[in-house]
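Protein chains in written order, with this note's numbering: chain E, 1 to 695; chain B, 1001 to 1122.
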């Protein structure tokens, strides 16, 4: 029994010792714990960062001095963070949610949030919370580290904003939208300000509101259209002096007391006004970028960097917009020009058979612009008679990158015919592929006009011939009456000779012969006149220009004489024959003689000398020259002389020379005029000799 | 009887051939000239009793010769002949004293009538 008691006492004593030990140990642990807590407190206070501790339930337990200093609030105040403005109101719900979740799960958390500084400004922090657990794994405390990431955050936001703006520029958003976004962007980044972009129309020069999104119309409207002058305000000066103008306080700054902007700004509660020129790449000022504050303010370096960045973007946006407008204008202009001139353009990459057509070319071919163009498709429109021409052109185009030009017709579905004139320029690109760029003009109207003009000319030629009839009647009468007179006189003489006693038979025979001769002469005149007044197409024959000229001289001589014109003819003996229409060429000669004669009507102080000359010209040509001593013509109008309805004669129609020119040109010749050294003018034409055929 | 001397001035050769023959058949002495100058230079200027004169000629025209003769006070009856029915010239030469202005072609009777009238009233 005793043994058992002793052993029990011993056991109890051991247990007590053990307990004492445990108690002592526990006390040591507690002390150590207190010590470590004190140390960590010291460490926390000394960390060059913001640190807070939270209870396992998420209540703020303690913060280091840095937190107290940054926030400018007491620990008690900070404990109320969940219901105060310590965390930015926009971030608060998210922050509470994350922390609540983290407390519940015991997982560490990491949040980016804005925390209010003592002065009311919010700065971005990265907030990381880590749990402290005891031996059993129970969370005893949360350590929270707050890192100021405001600079990084702002830089990121700025970058993202700039990127968004540049994307807007690149995607051709309307300039107003881009500038509005730009102002809003700056207003967000740099709080408590209003921004505006003012464009300058240098033709005024006047300001145009580009975008001033956060200020009312009562402020904006009076500015729009203001002249760009220094006394207007900081924007005027910035634009004209090409330098930034910072007005910290408009109210007190003596420089701007008289400026137009001051009363307007003050009426809207604006105190500070900064204006920075927006430059084009070539240094021109495109506009100004303005920042307004409601308190006196001057820019920080960060703000200056921001201003530099956004004015650069604004410059890109404005230049881009104006060059796009110019491009659109020139595209529209080109389209309109193509439409008006009926010219379509095309590109043809031969190897790939890739053809691009302008809108107008589709219109000319009357193809649906949605349908891709192929050579086969083109072939369906080309006039069947011109298909060989097309194939030949394609074959030649494929073989070498040379320029080509050809005319062909289209046969349209309605059976009408279009005349096209195509010019193409061939090039080789870097990879050696042949590519053509060309223009196709619808010349149908011109062709029709030419045909109509030709017809009108030939009709005019006839008309002038007939009109000459009126003026020529006298000459004709003279020509006919002259032989008639001879006939009658000779016949009378003949009768008298036969009636004589004895009859003078020899004399009668002689006069009868003369009668026949004069009769033939009259018949010749009639033949010539009939030829002259018959309307017929060009009949080409080999003819002697001298002979043709002599006939015209014979027809005109009496009229010339009547006008007291002395005609001198120098017709070359060795003149080769020409190929032409006798009647038409005579028409030209007649016209030149009549003009020459008319030009000398008023000449009284010198002989009315008219020279007609034929000669060989170099280049197998024959030339006929008519030289008068008349009034001549103004050399400056020489180009007009041959135009239809141009005349220097009071009673002239002005068609003679134009018809003459068309006749000579249809003979592949040339007609021209030149003033004489002395008085008067010389008109001449040259036409090719008839080709001598050696068969 | 002495045959009256009639001068013919015309640049047209066929007239100078045919007209003198007819005038001779009608009983006149005839001398033909191809131009006004040739007539003025000739010895017949003073002897011609009547002048048959073409209106349109190269160089000096018929009316110009008429004017020249008036200037020289050489009064001679003139019978103009012309292939142009130009009333202005006709009136002008008659006003200046011409006996007649015959339009070609004219009849033998008209010619004789005019020449006789000229010879009667020098």
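Just so it is clear, CB atoms sit at the ideal spot from N, CA and C, and this is done for glycine as well.
Here the structure is a predicted model, which means the values were calculated and not measured.
Taking all protein chains shown into account, do 16 or more other C-beta atoms lie within 10 angstroms of the C-beta of residue 259/E, making it buried, or fewer, making it exposed? Indexing the first chain from 1 puts residue 259/E at position 259. Buried, since its Cβ has 16 or more Cβ neighbours within 10 Å.
Of the residues that make up the segment 623-635 of chain E, which ones have a beta carbon closer than 9 Å to any beta carbon in chain C? Of the protein chains in this structure, namely E and B, none is chain C.
Which one of 1062/B, 1046/B, 1035/B, 1036/B has the shortest CA to CA distance from residue 1081/B? By one-based count along the second chain, residue 1081/B stands at place 81. Of the listed residues, the one whose Cα sits closest to residue 1081/B is 1062/B.
Residue 591/E, enclosing alpha helix (DSSP H) - first and last residue: Translated into positions along the first chain, residue 591/E becomes position 591. Element bounds for residue 591/E: 582-599.
7 Å CB neighbourhood of residue 490/E in its chain, flanking five on each side removed: In the first chain, counting from the first residue as 1, residue 490/E sits at position 490. Taken in chain order, the residues that qualify are 511, 514, 515, 518.
Determine, for residue 492/E, whether the minimum Cβ-Cβ distance to residues of chain B falls below 8 Å. Within the first chain, the letter at position 492 stands for residue 492/E. Closer than 8 Å: yes.
Could you have a look at residue 1067/B and say whether DSSP puts it in helix, strand or coil? To locate residue 1067/B, count along the second chain from 1; it is residue 67. Correct three-state label for residue 1067/B: helix.
Count the other CB atoms, across all protein chains shown, that sit within 10 Å of the CB of residue 47/E; report buried if there are 16 or more and exposed otherwise. Numbered from 1 along the first chain, position 47 holds the residue referred to as residue 47/E. So residue 47/E ends up on the exposed side.
What would DSSP say about residue 47/E, mapped onto helix, strand or coil? Taking the first chain and counting its residues from 1, one reaches residue 47/E at position 47. In this structure, residue 47/E counts as coil in the three-state DSSP scheme.
Nonlocal neighbours in the same chain, by C-beta distance under 7 Å from residue 206/E, ignoring five residues either side: Taking the first residue of the first chain as 1, we reach residue 206/E at position 206. Answer for residue 206/E: 225, 226, 227, 228, listed in chain order.
Measuring CA to CA, which of 378/E, 331/E, 368/E is closest to residue 354/E? Within the first chain, residue 354/E is the residue found at index 354, counting from 1. The option with the nearest alpha carbon to residue 354/E is 378/E.
Minimum C-alpha distance to residue 316/E - residue among 570/E, 166/E, 482/E: For the purposes of this step, residue 316/E is identified with residue 316 of the first chain, where counting begins at 1. Out of 570/E, 166/E, 482/E, 166/E has the C-alpha closest to the C-alpha of residue 316/E.
What is the C-beta distance between residue 247/E and residue 263/E, in whole angstroms, given that I count them as a contact (C-beta under 8 Å)? For the purposes of this step, residue 247/E is taken as the residue at position 247 of the first chain. For the purposes of this step, residue 263/E is taken as the residue at position 263 of the first chain. With a Cβ gap of about 14 Å, residue 247/E and residue 263/E do not count as contacting.
With DSSP run on the structure shown, which of helix, strand or coil describes residue 1008/B? Residue numbering aside, residue 1008/B sits at position 8 when the second chain is read from its first letter. Of the three classes helix, strand and coil, the one that applies to residue 1008/B here is strand, per DSSP.
Does any residue of chain E have a CB that is nearer than 8 Å to the CB of residue 950/B? With chain B covering only 1001 through 1122, there is no way to say anything about residue 950/B.
Answer with yes or no whether the minimum CB distance from residue 555/E to chain B is below 8 Å. In the first chain, the residue the question calls residue 555/E occupies position 555. Not closer than 8 Å to any Cβ of chain B, the Cβ of residue 555/E fails to qualify, so no.
Would a check of beta-carbon distances place residue 619/E closer than 8 Å to chain B? Numbered from 1 along the first chain, position 619 holds the residue referred to as residue 619/E. So no, residue 619/E is outside the interface.
If you run the structure through DSSP and keep just helix, strand and coil, what is residue 357/E? In the first chain, residue 357/E corresponds to position 357, counting from 1. Residue 357/E falls in the strand class under three-state DSSP.
Nearest by alpha-carbon distance to residue 560/E: which of 611/E, 583/E, 392/E, 267/E is it? Taking the first chain and counting its residues from 1, the one referred to as residue 560/E is at position 560. Comparing Cα-Cα distances from residue 560/E to each of 611/E, 583/E, 392/E, 267/E, the minimum goes to 611/E.
With a threshold of 8 Å on Cβ separation, who are the neighbours of residue 306/E within its own chain once the five nearest residues in sequence on each side are excluded? Indexing the first chain from 1 puts residue 306/E at position 306. Here the set comprises 158, 186, 189, 190.
Give me the chain B residues within the contact set of residue 518/E, using Cβ-Cβ distance strictly less than 9 Å, ordered along the chain. On the first chain, position 518 is the one that residue 518/E refers to. Residues of chain B passing the Cβ test: 1014, 1018.
Interface residues of chain B facing residue 482/E [CB-CB closer than 7 Å]: Along the first chain, one-based indexing puts residue 482/E at 482. Within chain B, the residues near residue 482/E are 1012, 1083, 1104.
Nearest to residue 614/E by alpha carbon, out of 687/E, 562/E, 557/E? If you number the first chain from 1, residue 614/E lands on position 614. Of the candidates 687/E, 562/E, 557/E, the one whose C-alpha sits nearest the C-alpha of residue 614/E is 687/E.
List the endpoints of the continuous alpha helix (DSSP H) containing residue 161/E. In the first chain, residue 161/E corresponds to position 161, counting from 1. Taken as a continuous stretch (DSSP letters only), the alpha helix (DSSP H) holding residue 161/E covers 150-170.
Count the other C-beta atoms from every protein chain shown that fall within 10 angstroms of the C-beta of residue 64/E, then say buried if there are 16 or more, exposed otherwise. If you number the first chain from 1, residue 64/E lands on position 64. Looking at its Cβ environment, which holds 16 or more other Cβ atoms inside 10 Å, residue 64/E is buried.
Starting from residue 312/E, trace the alpha helix (DSSP H) both ways and give me its first and last residue. Sequence index remark: in the first chain, residue 312/E carries index 312 (1-based). It spans 301-341 - the alpha helix (DSSP H) in which residue 312/E sits, taken as one unbroken run.
Span of the beta strand (DSSP E) holding residue 409/E? For the purposes of this step, residue 409/E is taken as residue 409 along the first chain, with counting starting at 1. Its beta strand (DSSP E) spans residues 404-411.
Just the chain B side, please: which residues come within less than 8 Å of residue 564/E by C-beta, in chain order? Here the question's residue 564/E lines up with position 564 in the first chain. The answer, in chain order, is 1061.
Does any CB atom of chain B fall closer than 8 Å to the CB of residue 497/E? Here residue 497/E corresponds to residue number 497 of the first chain, with the count starting at 1. Closer than 8 Å to some Cβ of chain B, the Cβ of residue 497/E qualifies, so yes.
In the structure shown, what three-state DSSP assignment does residue 110/E receive? Walking along the first chain from the start, residue 110/E turns up at place 110. Residue 110/E falls in the strand class under three-state DSSP.
Element boundaries [beta strand (DSSP E), containing residue 1029/B]: By one-based count along the second chain, residue 1029/B stands at place 29. From DSSP, the beta strand (DSSP E) with residue 1029/B extends over 1029-1033.
Going along chain E in order, which residues have a C-beta closer than 7 Å to the C-beta of residue 1025/B? For this step, residue 1025/B is matched to residue 25 along the second chain. Here the neighbours are 493, 496, 497.
Answer yes or no: does any C-beta atom of chain B fall closer than 8 Å to that of residue 486/E? Taking the first residue of the first chain as position 1, residue 486/E is located at position 486. True, the Cβ-Cβ gap to chain B drops below 8 Å.
Cβ distance (whole Å) where residue 696/E is taken to contact residue 324/E below 8 Å: The shown model of chain E, from 1 to 695, leaves out residue 696/E, and the question about it has no answer.
Between which two residues does the beta strand (DSSP E) harbouring residue 237/E extend? Counted from its first residue, the first chain places residue 237/E at position 237. No beta strand (DSSP E) contains residue 237/E, which is instead part of the alpha helix (DSSP H) from 234-241.
Would residue 651/E count as contacting chain B if we go by Cβ distances under 8 Å? Here residue 651/E corresponds to residue number 651 of the first chain, with the count starting at 1. For residue 651/E, the predicted structure reports a pLDDT of 43, less than 50, and the residue's modelled location is therefore unreliable. A value from the coordinates is still provided. Residue 651/E does not count as touching chain B.
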